[in-house]
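Some notes on the structure that comes next.
Number of protein chains: 2
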Amino acid sequence: MHPMFTLYYAAHTCSLASHIALEDAGADYDLHRIALATTQQQSADYLAINPKARVPALATPRGVLTETPAMLAFIAQSFPQAQLAPLDDPFAFAELQAFNCYLCSTLHVAHAHRMRGHRWAYEESSFADMQRKVPDSVGACYELIETRMLRGPWVMGERYSIADPYLFTLAQWLEDDGVDPARIPGVIAHRARMAARAQVQQAIAQELTGSN
Amino acid sequence: MHPMFTLYYAAHTCSLASHIALEDAGADYDLHRIALATTQQQSADYLAINPKARVPALATPRGVLTETPAMLAFIAQSFPQAQLAPLDDPFAFAELQAFNCYLCSTLHVAHAHRMRGHRWAYEESSFADMQRKVPDSVGACYELIETRMLRGPWVMGERYSIADPYLFTLAQWLEDDGVDPARIPGVIAHRARMAARAQVQQAIAQELTGSN
C-alpha cells in the first residue's frame, strides 16, 4: 500500500516539526529527502511539487500543502484522536496558532538572517551585519518566549500540542545563533523534555540516516 | 453594553486585515487606535496587552490574541455563519492557512525590509541595501501569488475567505515597494474587487477618521 502522505524534508530544517507531528499522530507516511546541498529544491521535479522551492511540503491525496503552521494544524485536524490541538475551542486553538505564527514570521525569520541574508539584501557587508545582529534578534525572541509565552511543561500548558515539535525544532539552532542558553532555562528544559520522547528520537534518526 | 471584542490597530498596517474580517463576520467590536508615530505600541499600557509591542491585538472575553493568521482563523471559527473559511474541511482549511502563513512569513517580511531594517541589522548601509532589494523580493512574492496561488475571483476560488482581506491589506503597499502593478494583473484586479466591498470601505473609513 502506498502511504497516505509523503513529507518532503531536509535534515536540519524546520521540516522536522511536521515530521515529529506525523509521528505523534501515528500517521501513515513516507519521507522524501531533498538535498539542499545540491539545490535539489530548485529542480524542475521539486518545483512541480512546491513552486516555493523550499521544504517542507506534504503531499496528500488531495494535493500538496506547505507552510509549517498550516501543515501542523492539518495534521492535528486529520488525526483528532491524537489530541494535538484544542480543536473544539476556537480561542485556545487561536492561542496555539498565534504561537506557531510567531515562530514562522518572527523567530525563524530572525534566525534566517544568519545564513540567508541574500533573500533581503545584495551586499556581503550587509550579510555580515545581519549575522552580527542574530544573537540579539533571535535572543529577544527567546526571551519573549521564555517570559511570556511558554507555559510549561509544554508550550500551551499541561497539554502537549503541535506547538511543541515546532519550538523544539527551531531551538536546535539557538546556540549556533549565539543565544546564551543560560538565559532561557525554560526553553532549554522544554527542548530536553522533547528530546526524551520516542517520537522525536524516531524522527531525528530517520532524518539523519537519510532513509527515503 | 461593552462590545465583545476590541481590536488594537494602527492605520496603514496589517491590522486592517482583521478589521475587515470583523466587519465581514458582523462581529460586535470596538476599535482602539495605537499611535505608532509616538511609539505608543511600546507604552507600558500597551505592553500589558501585547508584550510583542506590535499591532494588531484582539482583546476577547478569554484574553488577547495576536498574529494575523491566528486572529483571522479565530474570527472565521467564532462566526461560522459568515462562512469565512472551510471549517469542515481540514485540507481546504490548511490550503487557506498556508496562503495566510505565506503572507505573514514571506511577503510581509520582505516588505518590512524597506522600513524596518533595524530589526535585522545595525548599519545604515545595510538598511539602504535592504531597501534596494525590496522591489525584487516583494515582486517575486507577488509573481508567485499571481501565477501559482491566487485562484480568482477570490484567493481560494469561488468562495470569499479570510485570505482575501489579508492579501488586500498587504497589496496596499506594493507600489510603494517598487513592484510594477502591470506584471500582476490578477492581484490588482483582486484588490479592486475588494475595494468595492462595503465592509472594506467601512473598515478603511473607520481607520482614517481615527474613531476609537
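Line by line, the protein sequences give chains L and H. Everything in the first sequence is counted per this note's numbering, starting at 20 for the first residue and increasing by one. Everything in the second sequence is counted per this note's numbering, starting at 20 for the first residue and increasing by one. C-beta: ideal position from N, C-alpha, C; glycine also.
- Excluding its 5 nearest sequence neighbours in each direction, residue 198(H) has C-beta neighbours in its own chain below 8 Å: 154, 157, 158, 161, listed in chain order.
- Taking 7 Å as the threshold, the shortest C-beta distance from residue 126(H) to chain L does not fall below it.
- Using a Cβ-Cβ cut-off of 9 Å, residue 28(H) is close to nothing in chain L; its nearest Cβ partner there is about 17 Å away.
- Boundaries of the beta strand (DSSP E) around residue 83(L): 82 to 85.
- Less than 7 Å divides the Cβ of residue 184(H) from the Cβ of residue 39(H).
- Beta-bridge partners of residue 27(L) (DSSP): 51(L), 76(L).
- Legend: CB atoms of the region 38 to 57 of chain H lying less than 8 Å from CB atoms of chain L are not found in any residue.
- Positions of the alpha helix (DSSP H) runs, each at least 4 residues long and wholly inside the region 101 to 133 of chain H, are given as 109 to 121, 127 to 131 in order along the chain.
- Distances from the alpha-carbon of residue 48(L) to those of 21(L), 145(L), 208(L), 141(L) put 21(L) closest.
- In this structure, residue 97(L) places its C-beta atom within 7 Å of the C-beta atom of residue 109(H).
- At a cut-off of 7 Å between beta-carbon atoms, residue 25(H) makes no contact with chain L.
- For residue 88(L), the chain H residues whose Cβ falls inside 8 Å of its Cβ are 88, 116, 120, in order along the chain.
- Of the candidates 133(L), 41(L), 23(L), 25(L), the residue whose Cα lies closest to the Cα of residue 220(L) is 41(L).
- The beta carbon of residue 30(H) lies closer than 8 Å to those of 52, 226, 227, 229 in the same chain, with the five residues before and after it left out.
- With its beta carbon at least 7 Å from every one in chain H, residue 32(L) lies outside the interface.
- If the five residues before and after residue 127(H) are omitted, its C-beta is found closer than 7 Å to the C-beta atoms of 33, 189, all from its own chain and listed in chain order.
- For residue 148(L), the enclosing alpha helix (DSSP H) covers residues 143 to 163.
- Under the DSSP definition of a beta bridge, residue 176(L) partners with 173(L).
- Within chain H, 140, 141, 142, 145 have C-beta atoms less than 7 Å from the C-beta of residue 148(L), given in sequence order.
- One Cα belongs to residue 181(H), the other to residue 92(H), and the distance between them is close to 7 Å.
- Under the 10 Å beta carbon count, residue 136(L) is surrounded by 16 or more other beta carbons and is classified as buried.
- In the three-state scheme derived from DSSP, where H, G and I count as helix and E and B as strand, residue 93(L) is classed as helix.
- With a threshold of 16 other beta carbon atoms within 10 Å, residue 73(L) meets it and is buried.
- Proximity of chain H to residue 221(L) at the Cβ level (cut-off 9 Å) is not reached, the minimal Cβ distance being about 24 Å.
- Among the residues facing chain H, residue 209(L) is not included, as its CB has no counterpart in that chain under 7 Å away.
- Taken in chain order, the members of the region 156 to 173 of chain H whose beta-carbon sits within less than 7 Å of a beta-carbon on chain L are 156, 163, 167.
- By the 16-neighbour rule on beta-carbons within 10 angstroms, residue 100(L) is exposed.
- The three-state reading of DSSP puts residue 21(H) in coil, since its state is none of H, G, I, E or B.
- Taking 7 Å as the threshold, the shortest C-beta distance from residue 101(L) to chain H does not fall below it.
- Between the alpha carbons of residue 172(H) and residue 81(L) lies a gap of roughly 22 Å.
- 116(H) is the residue among 78(H), 150(H), 195(H), 116(H) whose C-alpha sits nearest the C-alpha of residue 174(H).
- Counting only the Cα atoms, residue 85(H) lies some 34 Å from residue 61(L).
- With a threshold of 7 Å between beta carbons, residue 85(L) makes contact with chain H.
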